[in-house]
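Asker: For what it's worth, this note's numbering labels the leading residue of the sequence shown as 2, then goes sequentially.
Heads up, the beta-carbon is just placed ideally off N, CA and C, and yes, glycines get one too.
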Amino acid sequence: MKRKRTSLIAALAAAGIAAASLTALSANAFADPGRGGGHGHGHGHGHGNGHAEQTCVADAPGTLGGDLGAHDPGLFAPCEEGEPWYVFATGYGPLGEGNVTIRTSTDDGATWSYVDTVWDVKPDWLTEAVPGVDNLWAPEIFHDADEGRYYLYYSASTFGNQRSVIGLATNTTLDPSEDGYEWVDEGQVWESNAGDPYNAIDPTVLEAAGRHYMAYGSWWQGIYMLELDWPSGEVKSGASPVHVAGRGGAGIEAPSLVEHGGYYYLFTSWDACCAGADSTYNIRVGRSTSPTGPFTDADGVALTDGGGTLVLGAHGDYVATGGQSIANGLMAYHSYHEDGHFDLGIEAVEWQSGWPVLDGS
Numbered sequence: 002m003k004r005k006r007t008s009l010i011a012a013l014a015a016a017g018i019a020a021a022s023l024t025a026l027s028a029n030a031f032a033d034p035g036r037g038g039g040h041g042h043g044h045g046h047g048h049g050n051g052h053a054e055q056t057c058v059a060d061a062p063g064t065l066g067g068d069l070g071a072h073d074p075g076l077f078a079p080c081e082e083g084e085p086w087y088v089f090a091t092g093y094g095p096l097g098e099g100n101v102t103i104r105t106s107t108d109d110g111a112t113w114s115y116v117d118t119v120w121d122v123k124p125d126w127l128t129e130a131v132p133g134v135d136n137l138w139a140p141e142i143f144h145d146a147d148e149g150r151y152y153l154y155y156s157a158s159t160f161g162n163q164r165s166v167i168g169l170a171t172n173t174t175l176d177p178s179e180d181g182y183e184w185v186d187e188g189q190v191w192e193s194n195a196g197d198p199y200n201a202i203d204p205t206v207l208e209a210a211g212r213h214y215m216a217y218g219s220w221w222q223g224i225y226m227l228e229l230d231w232p233s234g235e236v237k238s239g240a241s242p243v244h245v246a247g248r249g250g251a252g253i254e255a256p257s258l259v260e261h262g263g264y265y266y267l268f269t270s271w272d273a274c275c276a277g278a279d280s281t282y283n284i285r286v287g288r289s290t291s292p293t294g295p296f297t298d299a300d301g302v303a304l305t306d307g308g309g310t311l312v313l314g315a316h317g318d319y320v321a322t323g324g325q326s327i328a329n330g331l332m333a334y335h336s337y338h339e340d341g342h343f344d345l346g347i348e349a350v351e352w353q354s355g356w357p358v359l360d361g362s
């Protein structure tokens with residue numbers, strides 16, 4: 002089930018990265034800040050973005066421009082018009098040692114610019130915990146207004162390896178120009194090792210009735226959920242992982258969670274992410290009246306039994322879509338173009354008869 006490195010190199014080449022530079026990139030290298038490239042995580046890629054705290058319904062920006070090379074976008078879309086938007090995305094090796102990348106928009110999500118990486122150098126514990134780690138994957142940004150803190154969850158792993166960790170960094174502001182801007186390393190939140198039923202990547206956070214939950218997972222037996230201690234953001238003492246979605250070892254990853262109309266919706270990405278124009282990624286969904294499931298799709302099939310209603314896959318000139326996150330009524334995702342590169346997309350989630358609908362525009 003491991004992706005071949007040749008597939009990644011083909012994707013990088015399709016994205017326009019010079020062949021001479023490929024030997025300098027690891028097997029889990031990503032796009033540069035301006036355009037898409039290959040991406041391979043654990044068994045599959047990772048995305049776990051899902052900003053589940055909804056305090057308003059933001060307007061969709063429409064056609065996007067600027068730097069759209071964000072893979073696994075974790076979207077922060079504020080309610081106030083004119084305030085900066087942010088996208089946190091999977092790292093790219095030559096920038097900040099592959100740390101999580103940051104992009105911003107000052108025109109309500111229409112035009113994006115690369116800003117920086119979260120850190121210039123990875124924390125020492127990360128390189129010790131995951132030998133050979135290069136890029137950090139699939140960030141999730143969560144804002145707790147009461148605490149005055151932003152929580153950034155991310156994944157550290159290596160291509161085709163189940164030894165993975167989920168880490169956490171916090172900040173009091175997302176604006177690098179403000180006093181006090183500093184990403185504080187809060188260390189490891191969760192881990193996986195060979196033989197576990199899950200791969201500990203792709204974190205997403207849901208707040209429900211004053212409690213906080215983290216869903217995560219990629220391939221193996223699928224998606225799992227843990228309750229978090231809050232406001233520390235760590236896993237709650239005594240919490241055990243709950244299996245919430247799986248496909249019997251087939252491709253499923255990148256959970257994101259949101260509440261709407263009395264239901265909790267679990268979105269996942271299915272199939273092959275990171276093969277350029279050969280990618281087959283698609284976004285699926287199920288719902289539950291409980292934040293921890295059981296989740297079922299529109300046909301009543303349990304997500305733990307392979308259920309999942311299609312939300313968006315191929316559309317227009319794009320052959321695949323996934324790596325989604327949710328913020329204030331909007332979904333951000335990346336889509337692979339038929340020429341092999343990938344682009345950031347952001348659109349409003351429409352609801353029809355209690356189910357989410359996207360059209361790729």
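Take Gly-234 and list the residues in its own chain whose beta-carbon comes closer than 6 Å to its own, dropping the five residues that flank it on each side.
Answerer: Position 233 of the sequence shown, counting from 1, holds the residue named residue 234. For Gly-234, where only same-chain residues beyond five positions count, the Cβ hits under 6 Å are Tyr-152, Leu-169.
Asker: Might you give, ordered along the chain, the residues of its own chain that have their beta carbon closer than 7 Å to the beta carbon of Thr-174, omitting 5 neighbours on each side?
Answerer: Your numbering for residue 174 matches position 173 in the sequence shown. Around Thr-174: Gly-181, Tyr-182.
Asker: Do you know whose CA, among Ala-146, Val-131, Ala-111, lies nearest Ile-167's CA?
Answerer: Counting from one through the sequence shown, the residue named residue 167 turns up at place 166. Comparing Cα-Cα distances from Ile-167 to each of Ala-146, Val-131, Ala-111, the minimum goes to Val-131.
Asker: Compute the Euclidean distance between the alpha carbons of Val-243 and Trp-184, then round it to the nearest angstrom.
Answerer: Working through the sequence shown from its first residue, we reach residue 243 at position 242. Working through the sequence shown from its first residue, we reach residue 184 at position 183. Each residue's Cα considered, the two are about 30 Å apart.
Asker: In this structure, does DSSP put Thr-293 in helix, strand or coil?
Answerer: Working through the sequence shown from its first residue, we reach residue 293 at position 292. Residue state, collapsed to three classes: coil.
Asker: What first and last residue would you give for the beta strand (DSSP E) that runs through Asp-117?
Answerer: For the purposes of this step, residue 117 is identified with residue 116 of the sequence shown, where counting begins at 1. Unbroken beta strand (DSSP E) run through Asp-117: 112-118.
Asker: From the DSSP output, in three-state form, read off Leu-96 for me.
Answerer: To locate residue 96, count along the sequence shown from 1; it is residue 95. The answer is coil: DSSP assigns Leu-96 none of H, G, I, E or B.
Asker: Is Glu-254 buried or exposed, if buried means 16 or more other CB atoms sit within 10 Å of its CB?
Answerer: By one-based count along the sequence shown, residue 254 stands at place 253. Classification of Glu-254: buried, given that the 10 Å Cβ count is 16 or more.
Asker: Is the region 89-105 close to the region 57-64, with three or more CB pairs under 8 Å?
Answerer: No, they do not touch.
Asker: Short check: CB of Gly-83 to CB of Asn-136, under 7 Å?
Answerer: Position 82 of the sequence shown holds residue 83. Position 135 of the sequence shown holds residue 136. Taking 7 Å as the Cβ cut-off, Gly-83 and Asn-136 do not qualify as a contacting pair.
Asker: Under 8 Å Cβ to Cβ from Pro-85, same chain only, skipping five residues before and after it: list those, please.
Answerer: In the sequence shown, the residue the question calls residue 85 occupies position 84. Here the set comprises Pro-79, Thr-105, Ser-106, Thr-107, Leu-175, Asp-176.
Asker: Taking only the alpha-carbon atoms, compute the straight-line gap between Asp-318 and Gly-277 and give it to the nearest angstrom.
Answerer: Within the sequence shown, the letter at position 317 stands for residue 318. Within the sequence shown, the letter at position 276 stands for residue 277. Spanning the two alpha carbons is a distance of roughly 13 Å.
Asker: Is DSSP giving Gly-66 helix, strand or coil here?
Answerer: Counting from one through the sequence shown, the residue named residue 66 turns up at place 65. In the structure shown, Gly-66 sits in a strand (DSSP, three-state: E or B).
Asker: DSSP puts Ser-326 in a beta bridge; with which residues?
Answerer: Translated into the one-based positions of the sequence shown, residue 326 becomes position 325. Beta-bridge pairing links Ser-326 to Ala-333.
Asker: Can you give me the Cβ contacts of Pro-204 inside the same chain, cut-off strictly under 6 Å, excluding the 5 residues immediately before and after it?
Answerer: Indexing the sequence shown from 1 puts residue 204 at position 203. Only Gly-49, Glu-141, Tyr-154, Ile-167, Met-215, Tyr-217 meet the Cβ criterion.
Asker: Counting C-beta neighbours from all protein chains within 10 Å, is the total for Cys-57 16 or more, i.e. buried, or is it exposed?
Answerer: Here residue 57 is taken as the residue at index 56 of the sequence shown, counted from 1. Classification of Cys-57: exposed, given that the 10 Å Cβ count is below 16.
Asker: Could you tell me which residues DSSP puts in a beta bridge with His-342?
Answerer: Translated into positions along the sequence shown, residue 342 becomes position 341. According to DSSP, His-342 bridges with nothing at all.
Asker: Helix, strand or coil: how does DSSP classify Glu-183 here?
Answerer: Translated into the one-based positions of the sequence shown, residue 183 becomes position 182. Note: Glu-183 maps to coil in three-state DSSP.
Asker: Pick from Gly-239, Asp-109, Asp-68: whose alpha carbon is nearest that of Glu-348?
Answerer: The residue given as residue 348 occupies position 347 in the sequence shown. The shortest Cα separation from Glu-348 among Gly-239, Asp-109, Asp-68 belongs to Asp-109.
Asker: Would a C-beta distance cut-off of 7 Å place Leu-313 and Thr-322 closer than the cut-off?
Answerer: By one-based count along the sequence shown, residue 313 stands at place 312. By one-based count along the sequence shown, residue 322 stands at place 321. Yes; because the gap between Cβ atoms is below 7 Å, this pair is in contact.
Asker: Can you tell me the Cα-Cα spacing of Val-122 and Asp-186, whole angstroms?
Answerer: If you number the sequence shown from 1, residue 122 lands on position 121. If you number the sequence shown from 1, residue 186 lands on position 185. Whole-angstrom Cα-Cα distance: 12 Å.
Asker: What do you get for Gly-223, buried or exposed, if any count of 16 or more other CB atoms within 10 angstroms of its CB means buried?
Answerer: Along the sequence shown, one-based indexing puts residue 223 at 222. By the 10 Å Cβ count, Gly-223 comes out buried.
Asker: Would you check if the region 324-339 and the region 254-273 touch, i.e. whether three or more CB-CB distances between them fall below 8 Å?
Answerer: Yes, since at least three Cβ pairs between the region 254-273 and the region 324-339 fall closer than 8 Å, the two stretches touch.
Asker: Taking Phe-89 as the reference, give the member of Gly-66, Asp-125, Phe-143 with the closest Cα.
Answerer: Stepping through the sequence shown from its first residue, residue 89 is reached at position 88. The shortest Cα separation from Phe-89 among Gly-66, Asp-125, Phe-143 belongs to Phe-143.
Asker: Could you give the first and the last residue of the continuous beta strand (DSSP E) run that contains Ala-170?
Answerer: Here residue 170 refers to the residue found at position 169 when the sequence shown is read from its first residue. Segment 165-172, the beta strand (DSSP E) holding Ala-170.
Asker: By the 10 Å Cβ neighbour count, where 16 or more other Cβ atoms means buried, how is Leu-311 classified, buried or exposed?
Answerer: Here residue 311 corresponds to residue number 310 of the sequence shown, with the count starting at 1. By the 10 Å Cβ count, Leu-311 comes out exposed.
Asker: Please look up how many angstroms separate the CB atoms of Tyr-265 and Ser-291, rounded, as I've assumed it's under 8 Å.
Answerer: Here residue 265 refers to the residue found at position 264 of the sequence shown. Here residue 291 refers to the residue found at position 290 of the sequence shown. Contact holds; Cβ gap of about 7 Å.
Asker: Taking the C-alpha atoms as reference points, what is the distance between Ala-11 and His-342?
Answerer: As a first step, residue 11 must be located in the sequence shown, where it is residue number 10. As a first step, residue 342 must be located in the sequence shown, where it is residue number 341. Caution applies to Ala-11, whose pLDDT of 32 falls short of 50 and renders its modelled position unreliable; the value that the coordinates give is listed next. About 11 Å.
Asker: Quick one: give me the first and last residue of the beta strand (DSSP E) that Ala-240 is part of.
Answerer: By 1-based counting over the sequence shown, the position of residue 240 is 239. That residue, Ala-240, is in no beta strand (DSSP E); it is neither H nor E in DSSP.
Asker: Between Ser-362 and the rest of its own chain, which residues show a CB-CB distance below 7 Å, the 5 nearest in sequence each way excluded?
Answerer: One-based indexing of the sequence shown puts residue 362 at position 361. The answer, listed in chain order, is Glu-348.
Asker: Let me know the secondary structure DSSP gives Ala-61 once reduced to three states.
Answerer: Locating residue 61 in the sequence shown gives position 60, where the first residue counts as 1. Coil at Ala-61, not helix or strand.
Asker: With distances taken between CB atoms, is the gap from Phe-296 to Gly-287 smaller than 7 Å?
Answerer: Numbered from 1 along the sequence shown, position 295 holds the residue referred to as residue 296. Numbered from 1 along the sequence shown, position 286 holds the residue referred to as residue 287. Yes, they are a contact pair.
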